[in-house]
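Chemist:
2 protein chains.
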Amino acid sequence: MSKLLIVGTVAFDAIETPFGKTDKILGGAATYIGLSAANFNIPSAIVSVVGDDFPEEYLTMLQKKNIDTSAVEIVKGGKTFFWSGRYHNDLNSRDTLDTQLNVLADFNPVVPSDYKDAEIVMLGNLHPLVQLSVLEQMSSKPKLAVLDTMNFWMDNALEDLMKVIAEVDVITINDEEARQLSGEYSLVRAARAIEKMGPKYIVIKKGEHGALLFHKGQIFFAPALPLEEVFDPTGAGDTFAGGFAGYLTKTGDLSFENMKKAIIHASNLASFCVEKFGTERMENLKREEVQKRLQQFRELTQFEIELTQ
Amino acid sequence: MSKLLIVGTVAFDAIETPFGKTDKILGGAATYIGLSAANFNIPSAIVSVVGDDFPEEYLTMLQKKNIDTSAVEIVKGGKTFFWSGRYHNDLNSRDTLDTQLNVLADFNPVVPSDYKDAEIVMLGNLHPLVQLSVLEQMSSKPKLAVLDTMNFWMDNALEDLMKVIAEVDVITINDEEARQLSGEYSLVRAARAIEKMGPKYIVIKKGEHGALLFHKGQIFFAPALPLEEVFDPTGAGDTFAGGFAGYLTKTGDLSFENMKKAIIHASNLASFCVEKFGTERMENLKREEVQKRLQQFRELTQFEIELTQ
């Protein structure tokens with residue numbers, strides 16, 4: 001079976017939403033990606049860094065999901081990356097209250113030797129040079145490299161970001177970021193412009209409004225499942241990316257048709273993530289729940305229309 | 001074949017978008033509804049009112065599309081309803097610059113005798129009492145009454161609006177209006193609350209983010225077709241409603257499965273409307289273009305996923 005290599009933050013988050021607030025809880029892009037991809041029962045490994053304030057039990061929880069955490073460096077005397085944010089009432093926007101880079105400031109990722117030939121690499125949101133370093137350590141070019149990033153790097157490290165964008169096969173960003181990166185308002189045009197920067201597949205995430213997959217003039221759309229209640233959007237984008245990469249790792253089929261399915265699985269898993277604070281829902285997600293909701297996605301979107309000429 | 005009765009404004013619009021501006025051009029909810037429904041080659045009639053400043057050629061154009069305009073009252077010495085608006089850069093919001101009710105102020109709709117038994121009634125956006133009056137003139141209860149309305153009536157005539165909402169089978173409103181009407185932020189909850197007000201089917205239009213159809217706990221979603229360029233959103237919601245009602249009139253099948261198809265046809269037709277100023281695109285729309293884009297909708301949304309238990 002193929003292997004999935006994940007790089008990204010493993011972190012503490014403190015979250016405020018209109019529905020409540022948390023103390024420091026488990027967070028980080030790689031954490032959400034790993035938990036999401038684990039639903040496909042694939043071998044995966046996380047490359048990341050934490051301080052020795054990071055509870056062993058969190059790593060144990062990830063290991064129990066078949067995620068190799070041996071490349072999560074534990075810095076003695078160091079403190080784990082911490083992010084704190086407050087969501088606005090509509091949950092579509094948020095303010096960052098605090099960011100403490102801590103051990104992330106000097107992070108030199110080391111890809112474990114048995115993952116240097118991983119077929120799929122998922123570069124979670126992080127400094128583009130760290131993402132690039134992971135790609136450079138691969139012994140062979142992965143079958144698929146997927147990049148997730150955000151506007152922060154467009155504002156602060158655009159040149160480095162463009163380097164890693166040029167090296168990957170798939171980029172996942174949100175609609176506003178796609179507009180910023182491309183200078184185009186229309187997402188169709190934005191995707192076309194970004195395709196010229198390197199990636200063959202462009203995934204534009206629109207949060208509650210779904211996600212679009214672009215490839216050589218073809219477009220596929222997956223809605224977000226309409227939910228009664230969104231509790232905490234933290235990690236939804238990472239969960240989406242992890243579901244996408246995880247499904248492709250499981251199937252090994254990188255055709256556009258199979259990527260459509262990956263987008264549906266990704267949307268499906270993200271729909272669970274937002275139902276509880278932090279990683280709670282993803283840690284305890286049952287196979288039957290996932291299957292049931294996939295069926296809901298089918299009912300939500302599938303139709304029969306006769307075309308006449 | 002079934003007949004479609006349409007009530008709504010036939011009007012002059014003056015539109016400004018980031019791409020240009022128009023003088024007084026043909027507009028009005030009933031105009032867009034009629035032009036959209038005409039794509040299904042069904043008998044339809046418009047109940048409306050204009051002044052004698054309204055060009056005969058506009059009515060002739062509608063008649064050539066098989067739309068009966070004999071119930072469009074022409075008030076001698078009266079002036080036609082006029083609306084002027086300016087869209088913001090993202091085209092998702094607009095300011096009303098001018099509204100002149102003119103002949104609409106004293107409008108008493110008269111349903112033509114050969115449409116008093118119409119199977120489908122489409123109540124375009126208008127004062128709720130005018131909409132109610134049309135329903136009351138029907139000789140038999142229509143198989144399906146569809147109501148389109150907007151926040152203006154929620155703000156200014158809520159009691160009357162609730163009366164007509166209680167009488168119809170389907171309501172089409174946008175997401176913000178659904179939230180305002182129901183007091184619920186979640187669209188799933190909003191739809192459930194609105195269902196209790198009367199309509200069995202709730203259609204929530206999200207503009208460029210697609211449309212949702214709710215019925216007894218079932219949900220169907222149709223995306224808007226991602227377009228390279230949106231030129232003028234005026235009339236898109238009416239075109240959507242006209243496509244929905246037109247397809248149901250054509251097929252006569254009011255099952256949920258067939259309503260899904262109606263929503264896809266509605267989205268498809270609305271995607272054309274926004275490509276040119278005013279009614280221009282809809283006046284000249286070709287059958288082949290419609291069919292081709294339906295195929296695009298299929299490619300955009302259809303997938304195969306194996307479910308295992």
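Chains as they are written, first to last, in UniProt numbering: chain V, 1 to 309; chain F, 1 to 309.
Cβ atoms here follow ideal geometry from the backbone N, Cα and C, with glycine treated the same way.
All values derive from a computational prediction rather than experimental measurement.
1. I need the straight-line Cα distance from V/T17 to V/E167, nearest angstrom please.
2. Does V/Q302 come within less than 8 Å of chain F when only Cβ atoms are used?
3. Taking V/F244 as the reference, give the member of V/A178, V/N258 and V/A191 with the closest Cα.
4. Note the first and the last residue of the continuous beta strand (DSSP E) segment covering V/S84.
5. Could you check how far apart the C-beta atoms of F/V111 and F/V134 are, in whole angstroms? I think they sit under 8 Å.
6. Do we get a CB-CB distance below 8 Å when we pair V/E144 with the residues of chain F?
7. How many whole angstroms separate the CB atoms of V/A37 and V/A71, which I take to be in contact at a CB cut-off of 8 Å?
8. Within the continuous beta strand (DSSP E) that includes V/F297, where are the two ends?
9. Once DSSP output is grouped into helix, strand and coil, what is the label at F/Y201?
10. Roughly how many angstroms separate the alpha carbons of V/N125 and V/A236, rounded to a whole number?
11. Let me know the secondary structure DSSP gives V/T17 once reduced to three states.
12. Considering only residues of the same chain and omitting the five flanking positions on each side of V/A191, which have a CB-CB separation below 6 Å?
13. Anything in chain V within Cβ reach of F/R189, meaning under 9 Å, just list it in chain order.
14. Counting beta carbon pairs with one atom in the stretch 214 to 225 of chain V and one in the stretch 153 to 166 of chain V, are three or more of them shorter than 8 Å?
15. Within this structure, are the beta carbons of V/V75 and V/S48 separated by less than 8 Å?
16. Just to confirm my understanding: we take V/T22, look at its own chain, exclude 5 residues before and 5 after, and list those with CB closer than 7 Å. What are they?
17. If we ignore side chains and look at the alpha-carbon of each, how far apart do V/I33 and F/L254 end up?
18. Can you list, in chain order, the residues of its chain with a C-beta nearer than 6 Å to that of F/M282? Leave out the 5 residues immediately preceding and following it.
19. Out of F/V130, F/S139, F/S140 and F/L181, state which residue places its alpha-carbon closest to the alpha-carbon of F/Y155.
20. So, is the C-beta of V/K261 closer than 8 Å to a C-beta in chain F?
21. Could you tell me the distance, in whole angstroms, from the CA atom of F/A11 to the CA atom of F/D238?
22. Return the CA-CA distance between F/K143 and V/F152, expressed in angstroms with no decimal places.
23. Would you list, in sequence order, the uninterrupted beta strand (DSSP E) runs of no fewer than 3 residues that lie entirely inside the stretch 232 to 259 of chain V?
24. Can you tell me whether V/D148 is buried or exposed, with buried defined as 16 or more other CB within 10 angstroms of its CB?
25. Under 8 Å between C-beta atoms, does V/N174 make it to chain F?
26. In the stretch 277 to 295 of chain F, which residues sit with their C-beta less than 7 Å from some C-beta in chain V, listed in chain order?
27. Nearest-angstrom Cα distance between V/D232 and V/K260?
28. Suppose contacts are defined by Cβ-Cβ distances below 8 Å. Is F/D160 in contact with F/V146 by that definition?
29. Would you mind reading off the limits of the beta strand (DSSP E) that contains F/V170?
30. Have a look at F/I171, F/G183 and F/L26 and flag the residue whose alpha-carbon is nearest the alpha-carbon of residue 347 of chain F.
31. Going by the CB atoms, is the gap between V/G85 and V/T96 shorter than 8 Å?
32. Can you look up F/L158 in the DSSP assignment and give me helix, strand or coil?
33. Helix, strand or coil, according to DSSP, for V/D23 in the structure here?
34. Taking C-alpha atoms, which residue in F/Y185, F/G207, F/G210 and F/G217 lies nearest to F/K196?
35. Please check if any C-beta of chain F sits within less than 8 Å of the C-beta of V/G207.
36. To the nearest angstrom, how far is it from the Cα of F/L26 to the Cα of F/D98?
Modeler: Straight from the coordinates:
1. For this step, residue 17 of chain V is matched to residue 17 along the first sequence. For this step, residue 167 of chain V is matched to residue 167 along the first sequence. The straight-line gap from Cα to Cα measures roughly 37 Å.
2. The count along the first sequence starts at 1 and reaches residue 302 of chain V at position 302. Closer than 8 Å: yes.
3. Position 244 of the first sequence holds residue 244 of chain V. Out of V/A178, V/N258 and V/A191, V/N258 has the C-alpha closest to the C-alpha of V/F244.
4. Start at 1 with the first residue of the first sequence, and residue 84 of chain V comes out as number 84. F82 to Y87 is the extent of the beta strand (DSSP E) around V/S84.
5. In the second sequence, the residue the question calls residue 111 of chain F occupies position 111. In the second sequence, the residue the question calls residue 134 of chain F occupies position 134. So it is a contact: roughly 6 Å between Cβ atoms.
6. By one-based count along the first sequence, residue 144 of chain V stands at place 144. The amino acid at residue 144 of chain V is misidentified as Glu; the sequence shows Leu. Closer than 8 Å: no.
7. Looking up residue 37 of chain V in the first sequence gives position 37. Looking up residue 71 of chain V in the first sequence gives position 71. The Cβ separation is near 15 Å, so there is no contact.
8. To locate residue 297 of chain V, count along the first sequence from 1; it is residue 297. That residue, V/F297, is in no beta strand (DSSP E); its alpha helix (DSSP H) goes R287 to T301.
9. If you number the second sequence from 1, residue 201 of chain F lands on position 201. Three-state DSSP puts F/Y201 in a strand.
10. Position 125 of the first sequence, counting from 1, holds the residue named residue 125 of chain V. Position 236 of the first sequence, counting from 1, holds the residue named residue 236 of chain V. Whole-angstrom Cα-Cα distance: 13 Å.
11. Here residue 17 of chain V refers to the residue found at position 17 of the first sequence. Reduced to three states, the DSSP call for V/T17 is strand.
12. Numbered from 1 along the first sequence, position 191 holds the residue referred to as residue 191 of chain V. Hits under 6 Å: I202 and F214.
13. Position 189 of the second sequence, counting from 1, holds the residue named residue 189 of chain F. Within chain V, the residues near F/R189 are E228 and E229.
14. no
15. As a position in the first sequence, residue 75 of chain V is number 75, starting the count at 1. As a position in the first sequence, residue 48 of chain V is number 48, starting the count at 1. No. Outside cutoff.
16. As a first step, residue 22 of chain V is located in the first sequence; it is residue number 22 there, counting from the start. Once the five neighbours on either side are set aside, the close Cβ partners of V/T22 are A14, I15, F277 and G278.
17. For the purposes of this step, residue 33 of chain V is taken as the residue at position 33 of the first sequence. For the purposes of this step, residue 254 of chain F is taken as the residue at position 254 of the second sequence. Between V/I33 and F/L254, the C-alpha separation is close to 43 Å.
18. As a position in the second sequence, residue 282 of chain F is number 282, starting the count at 1. Contacts found: L35 and C273.
19. Working through the second sequence from its first residue, we reach residue 155 of chain F at position 155. Sequence check: residue 155 of chain F is Asp here, not Tyr. Closest option to F/D155, Cα to Cα, is F/L181.
20. By one-based count along the first sequence, residue 261 of chain V stands at place 261. Chain F, which has a Cβ nearer than 8 Å to the Cβ of V/K261, makes this yes.
21. Position 11 of the second sequence, counted from the start, is the residue given in the question as residue 11 of chain F. Position 238 of the second sequence, counted from the start, is the residue given in the question as residue 238 of chain F. A straight line joining the alpha-carbon of F/A11 with that of F/D238 spans about 13 Å.
22. For the purposes of this step, residue 143 of chain F is identified with residue 143 of the second sequence, where counting begins at 1. For the purposes of this step, residue 152 of chain V is identified with residue 152 of the first sequence, where counting begins at 1. Those two C-alpha atoms are separated by around 55 Å.
23. none
24. Working through the first sequence from its first residue, we reach residue 148 of chain V at position 148. Buried, by the Cβ-count rule.
25. By one-based count along the first sequence, residue 174 of chain V stands at place 174. Not closer than 8 Å to any Cβ of chain F, the Cβ of V/N174 fails to qualify, so no.
26. So the list reads Q291, L294 and Q295, given in the order they occur along the chain.
27. As a first step, residue 232 of chain V must be located in the first sequence, where it is residue number 232. As a first step, residue 260 of chain V must be located in the first sequence, where it is residue number 260. Cα to Cα, the separation comes out at about 26 Å.
28. Within the second sequence, numbered from 1, the residue matching residue 160 of chain F stands at position 160. Within the second sequence, numbered from 1, the residue matching residue 146 of chain F stands at position 146. Cβ atoms of F/D160 and F/V146: not closer than 8 Å.
29. Taking the first residue of the second sequence as position 1, residue 170 of chain F is located at position 170. First-last of the beta strand (DSSP E) with F/V170: V170 to N174.
30. What is shown of chain F runs 1 to 309, which leaves residue 347 of chain F out entirely.
31. What you label residue 96 of chain V is simply residue 96 of the first sequence in a count that begins at 1. What you label residue 85 of chain V is simply residue 85 of the first sequence in a count that begins at 1. Yes; because the gap between Cβ atoms is below 8 Å, this pair is in contact.
32. Here the question's residue 158 of chain F lines up with position 158 in the second sequence. If DSSP states are grouped into helix, strand and coil, F/L158 belongs with the helices.
33. Counting from one through the first sequence, the residue named residue 23 of chain V turns up at place 23. Residue state, collapsed to three classes: coil.
34. Against the second sequence, residue 196 of chain F aligns to sequence position 196. Looking from the CA of F/K196, the closest CA among F/Y185, F/G207, F/G210 and F/G217 belongs to F/G217.
35. Reading the first sequence from its first residue, position 207 is the one you call residue 207 of chain V. No - not a single Cβ of chain F is within 8 Å of the one on V/G207.
36. For this step, residue 26 of chain F is matched to residue 26 along the second sequence. For this step, residue 98 of chain F is matched to residue 98 along the second sequence. If you draw a straight line from the Cα of F/L26 to the Cα of F/D98, it is about 16 Å long.
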